[in-house]
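In this note's numbering, the protein residues as written are 21 to 211.
The following block contains the structure:
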């Protein structure tokens, strides 16, 4: 239609680690917004699927990754939920996942890095696990932001093929799409 404004999904930023994506007071843009979101995710999945042939489990011995893998590979007991919620809180404030934290999930020092995409992938998978179990939108909210960061840095993931886990990233994006589609179906929204 002439004069129609096409709504685009604007929450991707290649320089996401230096210029955080601003989600403050974000408004829902309806079906067009969802379609734009899906289109961006499909492009990201296409890139991942093209590079999936060489995928392997990565070795990441950062303290944060060890904790994330523990949460992924075991049931998250009630006492552990407080730790997960603390990390969610830190992530929501900083939009970063650091390789090393203290017991209160504060970065150990200013030199700790936060550009390890495998941490974002694994934390995203933890959010999927928790959302599937509890259906709390808090987990979906963090998941969407984590996947935005991953998709924003997809070219970096491809440049570091020897340390990237394409299968886990693909699994994460498919899970996110599944969750959104289920929510749309529950609200009778045809995506």
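C-beta: ideal position from N, C-alpha, C; glycine also.
- Shown here, residue 61 sits in a helix according to DSSP, grouped into three states.
- Secondary structure at residue 140: helix, using DSSP grouped into helix, strand and coil.
- Look at residue 153 here: in three-state DSSP terms it is helix.
- Bridge pairing for residue 121: 127 [DSSP].
- According to the DSSP assignment, residue 102 belongs to the alpha helix (DSSP H) that extends over 98 to 114.
- Sequence-distant Cβ neighbours of residue 110 in its own chain, meaning closer than 6 Å and more than five residues away, are 125.
- In the structure shown, residue 53 adopts helical secondary structure according to DSSP, grouped into three states.
- Where residue 86 is concerned, the enclosing alpha helix (DSSP H) starts and stops at 83 to 93.
- By the Cβ neighbour-count rule, residue 169 is buried, with 16 or more other Cβ atoms within 10 Å of its own.
- Excluding five sequence positions before and after residue 80, the CB atoms of its chain that fall closer than 6 Å to its own CB belong to 138, given in chain order.
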